[in-house]
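A.B. asks:
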Amino acid sequence: MTRCRCGCMDGQLVELLPNVASSWPGSSETPYLRVMAKDTERVELFALPSAVPIGTITLTSCYNISMKVPYMTYEELLSDMLERKGGVLTARDASDANIPKKVLYRFIQENELEKASHGVYVSPDEIPDELYLLQQRYPKIIFSHQTALWLHDLAEREPLPVSLTVDSNYNAGSLSDQGVKIYYVKPDWYDMGACEVKSPGGHLVRSYDKERTLCDMIRRKKATDPAAYRYALRHYAASPEKNLLNLSEYAQRMGIERQVAQAMEVLL
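Okay, so the sequence shown: first residue is 1093 according to this note's numbering, each after it adds one.
1. Quick check: what's the CA-CA separation for V1352 versus L1169?
2. So, with DSSP's three-state summary, where would you put V1073?
3. Out of A1329, L1339, E1333, Y1323, which one is the CA nearest neighbour of D1308?
4. Kindly confirm or deny that the stretch 1171-1185 and the stretch 1199-1219 touch, where touching means at least three C-beta pairs closer than 8 Å.
5. Have a look at T1316 and G1347 and give me their C-alpha separation to the nearest angstrom.
6. Alpha carbon to alpha carbon, what distance is there between K1177 and R1196?
7. Looking at the unbroken alpha helix (DSSP H) that takes in R1249, where does it start and where does it end?
8. Work out the CA separation of T1305 and V1144 for me, nearest whole Å.
9. Please go through the stretch 1263-1308 and give each complete beta strand (DSSP E) segment of 3 or more residues, from N-terminal end onward.
10. Quick one: grab the DSSP three-state call for V1352.
11. Rounded to whole angstroms, what is the Cα-Cα separation between S1408 and R1350?
12. For L1359, report the span of its beta strand (DSSP E) as first-last.
Shown next as structure tokens:
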């Protein structure tokens, strides 16, 4: 087993110091990392629970890593995941952290977690947050259209069904059975304007920003409720947080500059 001069070992859990964590992409999700020995000179750091490599450091610079968490049991790691995700635990996260299934299921039983959907479990005292639970089960979805308007306070009421967007190459599979409205877009448009917003339950979910959402609505004006369309445009135009530069950029990329200009010129 490879060990560096400050004691980091292959497979060991460590925690980045705050000043170091800020410079590591991906480490904001969780400060806990797993050291994976590459050779006698380098180690690779994997963020947990995603198990995605976020960088490589030399063994001689390992003193930048705090050893506050020299060892963590599976149960402690599961408890940490549950707390960090607001009372929600997924089988996918446990698998990514290499936690055995039997340990996961024992933890679920002992902590009386309730099954919200396939592979998603919640604390018994947690108020269900349907958007967040849907996001946890299907990480690739981005809430869009009427649902995104609602998340950005550009809608009068919660829309049904939930609207979301996926890459045109995405295999919707069981997502199609969830009673949601699915929009498919070409890969070049999929990430455009994606951001994180708080759901009504207080959890962060992926959505398109206001400008991308308005472009989607304007592009599909004929399929949009006229009252909801006018409400969204009026409130966006009155918002001090509007970003007309982004709106113009998205409109250009989507080939709807004229439609967006016509929609906004009477309001600004």
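Using N, Cα and C, we set each Cβ at its ideal position, and we do this for glycine too.
All values reported here derive from a predicted model rather than from experimental measurement.
C.D. replies: If we stick to the structure as given:
1. 48 Å
2. Here the chain covers residues 1093 to 1360 and nothing more, so residue 1073 does not appear.
3. L1339
4. yes
5. 19 Å
6. Rather than Arg, the amino acid found at residue 1196 in this sequence is Leu. Cα to Cα, the separation comes out at about 16 Å.
7. Premise fails: R1249 is in no alpha helix (DSSP H) and is neither H nor E.
8. Annotation note: pLDDT 40 at V1144 (below 50); position unreliable, no value reported.
9. 1273-1277, 1286-1290, 1296-1300
10. helix
11. Absent from the structure is residue 1408, since the part of the chain shown begins at 1093 and ends at 1360.
12. Counting along the chain, L1359 falls outside any beta strand (DSSP E), and DSSP gives it neither H nor E.
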